[in-house]
Amino acid sequence: MLDLLELSLSNNHIQFRRLDGRMSLSIGDRAVKEFNTAPEVRVMLMSLKAGNLGLNMVAACHVIMLDPWWNPYAEDQAVDRAHRIGQTRPVTVSRLTIKDTVEDRILALQEKKREMVQSAFGEDKSSGNATRLTVEDHRYLFMV
1119 MLDLLELSLS
1129 NNHIQFRRLD
1139 GRMSLSIGDR
1149 AVKEFNTAPE
1159 VRVMLMSLKA
1169 GNLGLNMVAA
1179 CHVIMLDPWW
1189 NPYAEDQAVD
1199 RAHRIGQTRP
1209 VTVSRLTIKD
1219 TVEDRILALQ
1229 EKKREMVQSA
1239 FGEDKSSGNA
1249 TRLTVEDHRY
1259 LFMV
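In this text, residue positions in the sequence shown follow the numbering used here: the first is 1119, and each later residue adds one.
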């Protein structure tokens, strides 16, 4: 998905930076710094996993989620990068999904995971069940 967006942004002469798991730490750090400091860089393409660990993306004011993840807290953590200390603008979060696809089931699974965590609040969470896909979860996702 990021490759397709990169092509479209390039073809439309929109300056962007990209951050994904294939990049070295130094290249990724440079991309984040340029996004946060260079006003001409309007878009940051970022994979969910690259965007959920320790980043400060206060230059972002609109986050668009394109790849729903079964664990809603991974998405929340990535979105929180734009809500860091120093953010002076409102942040809008949009989620683009395709109806009647596996994405519908992923969103339902996210809700189920949130409910599980909320219901377990105050109980022993050491089992980690709320953070791992079960066999039943896989069957549900892929309608097996």
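The beta carbon of each residue, even a glycine, is placed where N, CA and C say it ideally should be. Since the model is a prediction, treat every value here as computed from it, not as a measurement.
Just confirm the distance between the C-beta atoms of residue i and residue j, as a whole number of angstroms; I'd bet it's less than 8 Å.
i, j, result
"residue 1162", "residue 1141", "The pair is not a contact, with the Cβ atoms about 13 Å apart (cut-off 8 Å)."
"residue 1173", "residue 1197", "Residue 1173 to residue 1197, Cβ: 11 Å. No contact."
"residue 1190", "residue 1231", "6 Å"
Going by DSSP, name the residue or residues bridged to residue i.
i, result
"residue 1260", "In the DSSP output, where bridge partners are listed per residue, residue 1260 has none listed."
"residue 1136", "1163"
"residue 1131", "Residue 1131 pairs with nothing; no bridge assigned."
"residue 1181", "1211"
Assuming contact is defined by CB atoms lying nearer than 8 Å, are residue i and residue j in contact in what I supplied?
i, j, result
"residue 1215", "residue 1186", "yes"
"residue 1123", "residue 1138", "no"
"residue 1153", "residue 1177", "yes"
"residue 1213", "residue 1183", "yes"
When you compare only the Cα positions, how much space is there between residue i and residue j?
i, j, result
"residue 1159", "residue 1126", "15 Å"
"residue 1200", "residue 1237", "28 Å"
"residue 1206", "residue 1228", "30 Å"
"residue 1251", "residue 1181", "26 Å"
"residue 1225", "residue 1164", "20 Å"
"residue 1145", "residue 1135", "10 Å"
"residue 1256", "residue 1130", "39 Å"
"residue 1132", "residue 1258", "39 Å"
"residue 1241", "residue 1234", "A caution first: residue 1241 carries a pLDDT of 47, below 50, which makes its placement in the model unreliable, though a value can still be read off. So the two alpha carbons sit approximately 11 Å from each other."
"residue 1260", "residue 1147", "37 Å"
"residue 1254", "residue 1157", "47 Å"
"residue 1208", "residue 1262", "42 Å"
"residue 1128", "residue 1220", "29 Å"
"residue 1193", "residue 1179", "16 Å"
"residue 1155", "residue 1203", "16 Å"
"residue 1143", "residue 1166", "16 Å"
Whole runs of the beta strand (DSSP E) within the stretch 1196-1246, excluding any shorter than 3 residues: The stretch 1196-1246 contains these whole beta strand (DSSP E) runs: 1210-1213.
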